[in-house]
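Undergrad:
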DNA sequence: CAAGCATATATCCGCTATGCGTATTAGTTA
DNA sequence: TAACTAATACGCATAGCGGATATATGCTTG
């Protein structure tokens, strides 16, 4: 490519009002942990392309709508207004990722508590839960299965999005406060450990985990205890962001 | 907002070919460490808006151009083809971030070696170096200064982009292999430590740093030594990605 | 050419975090 | 009341790290 050609290409693109623009969408990975298994909520496509396959809920970004607002709107529309922690993940912009037209999609991770997950499933019957295979520890795409064990093939590049989301979540689980987004207001240390173990796909050492979490200074003991157990009830804790050590250093909140 | 209204809004946006689309751009934060100080390369705007202020080099994404390809093209056009490690950072999509029109920008971090930084500066005279204030350790926007110490106010939300890039770089510096992108093919342990100290803005313990880096298994001793020193020359090492432990777990490479 | 110097490299020590096992406690159930 | 389960507390060995110190090596200088 000669210098003048690239210069011309630059000038040609300078005022995009006169040229074709890619469409911009947001796709949401709605993640919950029902029964302690990482599960996402998917919509089955009923038309071309990838008819029959399952896709992440998404929608186009309005011309007067911020990215985060678009993600919140899609959450509201597709998941029946269930509350969730939204966090921007990554933007996928391969040219051929959608055969219909050029679509750039900003992927968001939405973390649902067990209650929010159940609520979304109840209010939005079109959503299908898909558990992420525990073998998805390494690299590469991820496989998702329905409750009956049948494989749920994903549409477009959504398997890549799910894989990236899981990697990112695992990476920041121990250093940020995202884990609490999957728990109710009050929770026990065992529940917190269950969340970590479910996402990491490994077993964790109990005393070490307790010490680490308590030393972080993010846990506030409430003096209350769980009820209805057939064994010694555990104390309930509350998440309290630590002002000295920000809970999410690399977190989004860009705008 | 009633259910039917949001349904209508959804339908209205369903075929974006008929509706206005945001423009999509990429902005590059070209970062080098000349003289051991984190420095970025900026273009001074000569027209409205933010005339006179400095901005990150950027460009619009072509309709048949992948995001990563657009970032590589902007690097080529604006930095004279200097080699750099490109990595997608975050996508900024506030509605009013550009007063002319709706522009969503995908921010990329480009890491330049000392040689590449000098080369870019030589080949692209329009680029102005701006050192990032060392006080930018905490949150919030970042302040950038010219060589003569004058403040360089940034245009648009670019101070936010720079701040986020720095945070992300600091966060993954010790766990990924990005640090090597700022060093030449062969380097000494002292140079590697200088890179880490410059980015983190702190002093590091030398023996501990050496041990940590050597134990990672990413460093291959070459048996060669630096020359021209007036003291004992240090051994030169080479970066060798470790197959067992991936060097960049949460790295981009999405598509 | 020998002494001095600056920095790389190696070794040692103490503190802290962590893995892991074990004892104790507090509820429920038989 | 005894057995059982899981929470909580404690003890201990090990690994990693901050920090200081000692040794090695090449250049400079008188």
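Residue numbers (the numbering used here), protein chains in the order written: chain A, 45 to 299; chain B, 45 to 299.
We put the CB at the ideal spot given by N, CA and C, even for glycine.
With distance defined between alpha-carbon atoms, name the residue in A/102, A/208, A/119 nearest to residue 187 of chain A.
TA: Counting from 1 along the first chain, the entry for residue 187 of chain A is found at position 143. Residue 187 of chain A has its Cα closest to that of A/208, out of A/102, A/208, A/119.
Undergrad: Looking only at its chain, what residues have a beta carbon closer than 8 Å to the beta carbon of residue 54 of chain A, apart from the 5 residues adjacent to it on each side?
TA: One-based indexing of the first chain puts residue 54 of chain A at position 10. For residue 54 of chain A, the predicted model reports a pLDDT of 46, less than 50, meaning its position is unreliable; a value from the coordinates is still stated below. Excluding positions up to five away in sequence, the list is empty.
Undergrad: DSSP three-state call for residue 121 of chain A: helix, strand or coil?
TA: Indexing the first chain from 1 puts residue 121 of chain A at position 77. Looking at residue 121 of chain A - three-state DSSP - the assignment turns out to be helix.
Undergrad: Can you list, in chain order, the residues of its chain whose CB lies under 8 Å from that of residue 240 of chain A, leaving out five sequence neighbours each side?
TA: Counting from one through the first chain, the residue named residue 240 of chain A turns up at place 196. Hits under 8 Å: 217, 218, 223, 248, 253.
Undergrad: Determine the extent of the beta strand (DSSP E) in which residue 70 of chain A is found, giving its start and end residues.
TA: Residue mapping note: residue 70 of chain A aligns to position 26 of the first chain, counting from 1. Residues 67 to 76.
Undergrad: I think residue 250 of chain B touches residue 237 of chain B, with their Cβ atoms under 8 Å apart; what is that distance to the nearest whole Å?
TA: For this step, residue 250 of chain B is matched to residue 206 along the second chain. For this step, residue 237 of chain B is matched to residue 193 along the second chain. Confirmed, Cβ separation roughly 7 Å.
Undergrad: Using the rule of at least 16 other Cβ atoms within 10 Å of the residue's Cβ for burial, across every protein chain shown, is residue 204 of chain B buried or exposed?
TA: Here residue 204 of chain B is taken as the residue at index 160 of the second chain, counted from 1. The residue is buried, with at least 16 neighbouring Cβ atoms inside 10 Å.
Undergrad: Could you tell me the distance, in whole angstroms, from the CA atom of residue 243 of chain B to the CA atom of residue 282 of chain B?
TA: Residue mapping note: residue 243 of chain B aligns to position 199 of the second chain, counting from 1. Residue mapping note: residue 282 of chain B aligns to position 238 of the second chain, counting from 1. Computed Cα separation, rounded: 20 Å.
Undergrad: Can at least three beta-carbon pairs, one atom from the segment 68 to 87 of chain A and one from the segment 96 to 107 of chain A, be found at a separation below 8 Å?
TA: A contact exists between the segment 68 to 87 of chain A and the segment 96 to 107 of chain A.
Undergrad: Using only alpha-carbon positions, find the residue among B/150, B/123, B/112, B/144 that is nearest to residue 139 of chain A.
TA: Within the first chain, numbered from 1, the residue matching residue 139 of chain A stands at position 95. Closest option to residue 139 of chain A, Cα to Cα, is B/112.
Undergrad: Which residues in chain A have a C-beta closer than 8 Å to the C-beta of residue 146 of chain B? List them in chain order.
TA: Residue 146 of chain B sits at position 102 when you count from the first residue of the second chain. Simply 107, 108.
Undergrad: How many angstroms separate the CA atom of residue 77 of chain B from the CA atom of residue 100 of chain B?
TA: Within the second chain, numbered from 1, the residue matching residue 77 of chain B stands at position 33. Within the second chain, numbered from 1, the residue matching residue 100 of chain B stands at position 56. Distance between the alpha carbons of residue 77 of chain B and residue 100 of chain B is about 17 Å.
Undergrad: Apart from the five residues just before and just after residue 86 of chain B, which ones in its own chain have a Cβ nearer than 6 Å to its Cβ?
TA: Taking the first residue of the second chain as position 1, residue 86 of chain B is located at position 42. Here the set comprises 98, 172, 174.
Undergrad: Looking at the structure shown, is residue 251 of chain B part of a helix, part of a strand, or coil, going by DSSP?
TA: What you label residue 251 of chain B is simply residue 207 of the second chain in a count that begins at 1. The answer is helix: DSSP assigns residue 251 of chain B an H, G or I state.
Undergrad: Using C-beta distances below 6 Å, list every residue in its chain close to residue 166 of chain B, excluding the 5 sequence neighbours before and after it, in chain order.
TA: Within the second chain, numbered from 1, the residue matching residue 166 of chain B stands at position 122. Nothing meets the Cβ criterion.
Undergrad: Listing by chain order, which chain A residues have their CB less than 8 Å from the CB of residue 132 of chain B?
TA: Counting from one through the second chain, the residue named residue 132 of chain B turns up at place 88. Going along chain A in sequence order, the residues near residue 132 of chain B (Cβ under 8 Å) are 134, 135.
Undergrad: Counting along the chain, where does the beta strand (DSSP E) carrying residue 150 of chain B start and finish?
TA: One-based indexing of the second chain puts residue 150 of chain B at position 106. Per DSSP, residue 150 of chain B belongs to the beta strand (DSSP E) from 147 to 155.
Undergrad: Return the first residue and the last residue of the beta strand (DSSP E) that residue 214 of chain B is part of.
TA: Taking the second chain and counting its residues from 1, one reaches residue 214 of chain B at position 170. Residue 214 of chain B -> not in any beta strand (DSSP E); alpha helix (DSSP H) instead, spanning 202 to 217.
Undergrad: Following the continuous beta strand (DSSP E) through residue 161 of chain B, name the residue where it begins and the one where it ends.
TA: Counted from its first residue, the second chain places residue 161 of chain B at position 117. No beta strand (DSSP E) contains residue 161 of chain B, which is instead part of the alpha helix (DSSP H) from 158 to 167.
Undergrad: For a quick check, are the C-beta atoms of residue 176 of chain A and residue 285 of chain A less than 8 Å apart?
TA: To locate residue 176 of chain A, count along the first chain from 1; it is residue 132. To locate residue 285 of chain A, count along the first chain from 1; it is residue 241. No, the pair does not count as a contact, with Cβ atoms beyond the cut-off.
Undergrad: Should residue 156 of chain B be labelled buried (16 or more other beta-carbon atoms within 10 Å of its own) or exposed?
TA: For the purposes of this step, residue 156 of chain B is taken as the residue at position 112 of the second chain. Buried: at least 16 other Cβ atoms inside 10 Å.
Undergrad: Quick check on the DSSP output: what are the complete alpha helix (DSSP H) runs of length 4 or more inside the segment 224 to 272 of chain B, in order along the chain?
TA: Listed in chain order, they are 233 to 244, 250 to 260.
Undergrad: From which residue to which residue does the beta strand (DSSP E) around residue 103 of chain A run?
TA: In the first chain, counting from the first residue as 1, residue 103 of chain A sits at position 59. Element bounds for residue 103 of chain A: 102 to 104.
Undergrad: Strictly below 8 Å CB to CB, what residues from chain A border residue 66 of chain B?
TA: Position 22 of the second chain holds residue 66 of chain B. Near residue 66 of chain B (Cβ distances below 8 Å), the residues of chain A are 65, 68, 105, 107.
Undergrad: Between residue 278 of chain A and chain B, is there a C-beta pair that is closer than 8 Å?
TA: Residue 278 of chain A sits at position 234 when you count from the first residue of the first chain. Judged by the 8 Å Cβ criterion, residue 278 of chain A is not in contact with chain B.
Undergrad: Could you name the residues of the same chain whose beta carbon sits closer than 8 Å to that of residue 290 of chain A, not counting the 5 residues immediately before and after it, in chain order?
TA: The sequence position of residue 290 of chain A within the first chain is 246, counting from 1. Legend: pLDDT at residue 290 of chain A = 46, less than 50; position of this residue unreliable, value from coordinates given subsequently. Same-chain partners within the cutoff: there are none.
Undergrad: With burial defined as no fewer than 16 other Cβ atoms inside 10 Å of the residue's Cβ, what is the status of residue 300 of chain B: buried or exposed?
TA: In the structure displayed, chain B extends from 45 to 299; residue 300 of chain B sits before or after that span and is not available.
Undergrad: Indicate, with yes or no, if the ligand ATP has a heavy atom lying under 7 Å from the CB of residue 146 of chain B.
TA: Although the ligand ATP was asked about, the structure shown includes no ligands whatsoever.
Undergrad: Taking residue 150 of chain A as the query, report the chain B residues whose CB atoms sit under 9 Å from its CB, ordered along the chain.
TA: Locating residue 150 of chain A in the first chain gives position 106, counting from the first residue. The contacting residues are 135, 137, 148, 150.
Undergrad: For residue 64 of chain B, which three-state DSSP category applies?
TA: As a working mapping, residue 64 of chain B is identified with position 20 in the second chain. Residue state, collapsed to three classes: coil.
Undergrad: So, are the CB atoms of residue 210 of chain A and residue 128 of chain A less than 8 Å apart?
TA: Taking the first chain and counting its residues from 1, one reaches residue 210 of chain A at position 166. Taking the first chain and counting its residues from 1, one reaches residue 128 of chain A at position 84. Going by C-beta atoms, residue 210 of chain A is not nearer than 8 Å to residue 128 of chain A.
Undergrad: Which partner residues does residue 143 of chain A have in the DSSP bridge list?
TA: Locating residue 143 of chain A in the first chain gives position 99, counting from the first residue. Residue 143 of chain A pairs with nothing; no bridge assigned.
Undergrad: Three-state secondary structure (DSSP) at residue 174 of chain A?
TA: Walking along the first chain from the start, residue 174 of chain A turns up at place 130. Residue 174 of chain A: strand per DSSP, three-state reduction.
Undergrad: Residues bridged to residue 129 of chain B by DSSP?
TA: Working through the second chain from its first residue, we reach residue 129 of chain B at position 85. B/155, per the DSSP bridge assignment.
Undergrad: Compare the C-alpha of residue 279 of chain B against each of B/273, B/256, B/232 and name the closest.
TA: Position 235 of the second chain, counted from the start, is the residue given in the question as residue 279 of chain B. Taking only the C-alpha atoms, the option nearest residue 279 of chain B is B/232.
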